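Taking our numbering, the leading residue of the sequence shown gets 1, the next gets one more, and so forth.
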Amino acid sequence: MKRIISLALLTLMAGGCVTGSPADRSEARKIIKQDLTVGDFLLYRDDPALIGQIIHKGRLQRYDPAIFERGLHFAGGREAILKAHIKPHDHWSSHIIGVRGDQTHIRFRGFWQGDATLGIPKLVLTDGGRFTVEPEARVNFVMAGNLYTRQLWVHGDGTGTLELDPGFVADRAEDGTRPDGMGTIRLGGATLITHHSQSLPFNTRPDGRGGTYPNGHIVFEHQPGSVWHVRSRSQVYPASIDFFDSGIIDTQAHLTHIGRRRDALGFSDAGEFTSIGTFGTLNENKTITKRGPAMLSLEGDQVYMPGSVFEVKAGMLRMYTDPGAGHRVRRGAGPYLTIQVHDGASLLMSGASAQSLQRIELRGGARAWFVRDTRVLASEGVHIDEGATFNMAGDITADVESRGTLELFQSRGNAAIKGDLTHHGPVVFRVSRSGPTPLLTVTGAARVNGEASIHFEVRRPGDLEGGASIILIQGTTLAAELAGLADGSTHATVDGRYRYTIRHTEDSIRLEAITNTR
């Protein structure tokens, strides 16, 4: 049963009262003590600056709905500063700190000590409540002895916000030599705003082999729709970004994930363990949505469970690592990701290692670049809508179906489709030199229909001297109708510098007898 405690009782429990002017109240601030297991609850509307300590006893389960009616919740509809020391009663203790109301904004400048061995610190944000961790704040969830971090569970009704000021420093572990830092934030129905890499939750932990590693997580869980806004400046995160539930990353500034799977040794008898460090989904049928004009660059390990979807609504998603390699770190994960790139957004696939996934969809107005040496394997193919543009290079093991624009830049690398190509739309060829390698090779059946344009981008005139030839498309079987490029027709470039003849064969389209007219 919930036990509502009056502010007067709390003041008496502290053994004192508030006296004097605001300037000399530092020695007389309230001590708020609550027992969460018996239902203690206080909706606090007074000035938070009057609180010196918040001591919580007991704990609730991780997703217990009672968190909305237990602990200390700030209300009052105004912005205020909290400098209190939030600390546990014992090693079992958790905390429940809440902020309620659209105009209620708590600026935290105190010390939150949430390192109890079995503690589950919770921040509950409802009805538009806002909690900002200021530069003066110190948040320590790292346990002494093993330097593991406890986690801040940020739950609410989807309307509240946790903001980390750019001046706040999350990791104070001094290269893993002391237990001091905030290693994890779990979002379950809340919004996170960050401005600087140093504020992102992680702590440096010794790896048991004489080195260190960043240990931390940003987790989307419990209910879909939590949002992480990346603002102000580019940020780099070296630890895990986990989606147990669907969530949104809004990149107003660039975000780069560089977390890696790391093997470490435990302290005392803890044994060897693996620090995951990945980006991706940890449950089936979850959707990651990227919004915002800036780039999200995935340069660390990735993991995706069956049914995973990555919606790119704005800005660029850059894939540098293999999204299909998650089986190495989580059972059941694999090449299950579908990437959907929407109008106005873009996708860049690069890197020499294979990138395995399920499907790529470019919707109207989307753009994608596959660069040289890229190897993409899509079990359910690459699909390009009318209005979308696909700049191809590297190896694509997939069937490609396109009604958009295909771009082939010889200077950026030749392309190979290991599968069938069905294309009805514009084709842009940008040629720069003669040679035996086609701009596009298709190992399966190729059916290409649409308006074609050829552009010469020759840096050295000698690259196209003496009746040179260039293979534009070569396929095992090729059926092509390119408007304006009839077999045997002769053309000149816009500037009149080069003349060439189009030649169609059973398996190729070529430029022959290329002549420099100057």
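Every residue, glycine too, gets a C-beta built ideally from N, C-alpha and C. As the structure is a prediction and not an experimental result, all values here were calculated from the model.
Check	Outcome
Reference HIS383; option with closest CA among LEU72, ALA366, SER246, ILE502	ALA366
For ARG291, three-class secondary structure by DSSP	strand
Three-state class that DSSP yields for GLY307 in the structure shown	coil
Among THR515, GLY496, HIS455, ALA446, the one whose alpha carbon lies nearest that of SER481	Looking at the sequence provided, one finds Glu at residue 481 rather than Ser. GLU481 has its Cα closest to that of ALA446, out of THR515, GLY496, HIS455, ALA446.
Cβ distance (whole Å) where ASP102 is taken to contact GLY76 below 8 Å	Their Cβ separation, rounded to whole angstroms, is 12 Å, which puts ASP102 and GLY76 out of contact at 8 Å.
Three or more C-beta pairs below 8 Å linking the stretch 383 to 399 and the stretch 410 to 421	yes
Residue closest to ILE514, alpha-carbon to alpha-carbon, out of SER508, ARG503, ASP507	ARG503
Cross-strand partners of THR212 (DSSP beta bridge)	PRO206
Contact between the stretch 169 to 178 and the stretch 220 to 234 (3+ Cβ pairs under 8 Å)	no
Cβ shell of SER432 (< 8 Å), same chain only, five flanking positions each side left out	GLN410, SER411, PHE456, GLU457, VAL458, ARG459, ASP463
ILE502 - partner residues in DSSP beta bridges	LEU511
Among TYR237, LEU485, GLY71, ARG178, nearest to GLU299 - alpha-carbon criterion	TYR237
Cβ-based burial, ALA270 [other Cβ within 10 Å; buried from 16]	Because the pLDDT of ALA270 is 49, which lies under 50, any placement of that residue in the model is unreliable, and the question is left without a value.
PRO335 in three-state terms, based on DSSP	coil
Endpoints, beta strand (DSSP E) assigned at ASP40	40 to 44
Straight-line Cα distance separating HIS217 from LEU72	26 Å
Same chain only: Cβ atoms within 8 Å of HIS95, ignoring 5 sequence neighbours per side	ILE54, HIS56, GLY71, ILE86, PRO88, TRP112, GLY114, GLY119, PRO121, LYS122
Residue burial classification, TYR336 (beta-carbon count within 10 angstroms, cutoff 16)	buried
ARG130 versus GLU163: straight-line alpha-carbon distance, rounded	8 Å
Pair within 7 Å by beta-carbon distance, ASP250 and GLY292	yes
Exposed unless 16 or more other CB atoms sit within 10 angstroms - verdict on GLY110	buried
Rounded separation between ASP24 and VAL133 - CA only	With a pLDDT of 36 at ASP24, under the threshold of 50, the modelled position of that residue is not reliable, and no figure is offered here.
DSSP state of PHE131 mapped onto helix, strand, coil	strand
Cβ neighbour criterion (16 or more within 10 Å) applied to HIS327	exposed
Same chain, Cβ closer than 6 Å to ILE470, neighbours up to 5 away in sequence not counted	VAL431, SER434, LEU511
Beta-ladder partner(s) of TRP153, from DSSP	LYS122, ARG186
Pair within 7 Å by beta-carbon distance, PRO135 and PHE168	yes
Backbone secondary structure at LEU50 - three-state DSSP	helix
Beta bridge counterpart(s) of ASN140 as assigned by DSSP	GLN113
Exposed unless 16 or more other CB atoms sit within 10 angstroms - verdict on THR437	exposed
Residue burial classification, GLY280 (beta-carbon count within 10 angstroms, cutoff 16)	buried
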